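Structure first, commentary second.
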Amino acid sequence: MSKAQIIRRLTPPLVWDFSKKNMPGLVRALGGHYTHIRFHGDYATFDEARAASTGYDAPNILSKTREALLKIKRGENRWERDAMVSNTEEMHWALLAALTFIAAAKGNREISVLDFGGSLGSTYFWCKPFLAPEIRIRWSVVEQLEHVRVGTSDFQNSELKFFSEVDAALALEQPDVLLISGVLQFLPEPEIFLRAILEKGFPFLLLDRTPLWNHARHRLTVQEVPEEIYRASYPAWFLSRERILSIIEEKYRLHSRAADSENWEIDGEVVPNFLYFYRLK
8 MSKAQIIRRL
18 TPPLVWDFSK
28 KNMPGLVRAL
38 GGHYTHIRFH
48 GDYATFDEAR
58 AASTGYDAPN
68 ILSKTREALL
78 KIKRGENRWE
88 RDAMVSNTEE
98 MHWALLAALT
108 FIAAAKGNRE
118 ISVLDFGGSL
128 GSTYFWCKPF
138 LAPEIRIRWS
148 VVEQLEHVRV
158 GTSDFQNSEL
168 KFFSEVDAAL
178 ALEQPDVLLI
188 SGVLQFLPEP
198 EIFLRAILEK
208 GFPFLLLDRT
218 PLWNHARHRL
228 TVQEVPEEIY
238 RASYPAWFLS
248 RERILSIIEE
258 KYRLHSRAAD
268 SENWEIDGEV
278 VPNFLYFYRL
288 K
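FYI, the numbering used here numbers position 39 of the sequence shown as 46, with every residue one higher than the one before it.
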């Protein structure tokens with residue numbers, strides 16, 4: 008265990024939460040989640056929430072993400088998440104275990120991932136050092152057009168490809184797993200999207216970094232991103248766990264569920280993250 012991890016474990020939760028809000032640099036140095044992202048509102052429509060925010064396509068978001076991932080590509084830092092770099096020794100073991108299991112289930116030491124909303128390949132760069140060269144990777148990111156343009160220009164390689172449509176990726180690949188990480192909550196109609204994409208029949212599904220709260224309804228908020236990441240705000244759902252998982256479980260069987268240290272907070276209610284690992288029925 009590193010010194011930073013020891014300090015984190017000895018720090019009382021109230022002090023840690025205060026530091027997230029007021030000393031993000033210190034939190035980041037200790038390998039913690041470096042920001043205190045805030046949510047507010049209970050909007051009736053997506054258009055209403057969008058009007059109250061700056062939106063996802065603000066140019067500074069893509070610029071900051073590109074700058075951070077170029078540092079990863081050059082080997083200057085180990086990880087990138089939400090346009091922030093880190094050298095923490097923590098790894099997303101549940102995700103890595105799931106990908107390793109899928110490769111083992113195939114029996115050929117390779118895996119093809121369709122990463123919907125995968126930015127400029129953040130999760131690919133996170134997983135590659137652990138998986139390669141023992142497991143061969145093919146990673147297809149489906150993203151907005153500007154992300155695809157930058158990704159193709161600056162990050163695409165023989166393993167990592169960028170597409171603006173799911174069907175375009177499927178025309179070239181037969182993915183073993185669909186990864187939906189940190190994106191479902193930002194879509195205008197999450198349930199409609201989820202039903203449509205699951206019709207593609209991916210053998211495995213990974214749902215991660217998605218605020219599923221224990222309520223019967225979805226709640227539409229605006230997410231405020233702290234300035235140390237980039238100045239932005241955009242519509243974000245707190246999704247009903249029961250409703251979302253019931254859609255998935257019409258076609259998929261839960262293989263495992265793993266808790267993560269990341270969480271979200273709305274009106275004092277903490278919503279923890281879980282990685283859900285599903286297999287097609």
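Every residue, glycine too, gets a C-beta built ideally from N, C-alpha and C.
These numbers were taken from a predicted model, which means no experiment stands behind them.
- Residue environment for Lys207: exposed (fewer than 16 other C-beta atoms within 10 angstroms of its C-beta).
- Between the alpha carbons of Phe53 and Pro242 lies a gap of roughly 7 angstroms.
- With contacts defined by Cβ atoms closer than 9 angstroms, Leu121 and Val184 form a contacting pair.
- Here the alpha carbons of Arg248 and Ile255 stand approximately 11 angstroms from one another.
- For Phe200, the enclosing alpha helix (DSSP H) has its first and last residue at 197 to 205.
- Rounded to the nearest whole angstrom, the CA to CA distance from Ile44 to Tyr63 is 15 angstroms.
- In the structure shown, Glu83 adopts coil according to DSSP, grouped into three states.
- For the pair Pro233 and Phe209, the CB atoms are not nearer than the 9 angstroms cut-off.
- For Ile236, the closest C-alpha among the options Asn67, Arg224, Leu179, Ile118 is that of Asn67.
- For His222, there is no enclosing alpha helix (DSSP H), as DSSP marks it with neither H nor E.
- Within the DSSP bridge table, the entry for Leu167 names Trp146 as partners.
- Out of Phe132, Thr228, Lys288, Pro195, the CA that lies nearest to the CA of Arg85 is found in Phe132.
- By the criterion of a C-beta distance shorter than 7 angstroms, Leu127 is surrounded in its chain by Thr72, Arg73, Leu76, His154, Val157, Gly158, Phe162, once the five residues flanking it on both sides are discounted.
- Non-local beta-carbon contacts of Ser263 in its own chain, meaning distances under 6 angstroms to residues more than five positions away in sequence, involve Phe284 in chain order.
- Listed in chain order, the non-local C-beta contacts of Thr228 below 8 angstroms within the same chain comprise Phe46, His47, Gly48, Asp49, Tyr50, Ala56, Pro242, Ala243, Trp244, Phe245, Ile273, local neighbours out to five positions each way being set aside.
- Between Ala111 and Ala265, the C-beta spacing is not below 9 angstroms.
- At a Cβ-Cβ threshold of 9 angstroms, Phe123 and Ile187 count as neighbours.
- Annotation for Phe123: no alpha helix (DSSP H) segment contains it, though the beta strand (DSSP E) segment containing it runs 117 to 123.
- Shortest Cα-Cα distance from Leu213 to any of Phe193, Leu287, Ala59 involves Leu287.
- Annotation for Phe137: no beta strand (DSSP E) segment contains it, though the alpha helix (DSSP H) segment containing it runs 129 to 138.
- Taking C-beta atoms as the reference points, Ile79 and Arg116 fail to come closer than 9 angstroms.
- Beta-bridge partners of Leu212 (DSSP): Leu185, Tyr285.
- For Asp267, the enclosing beta strand (DSSP E) stretches over residues 259 to 273.
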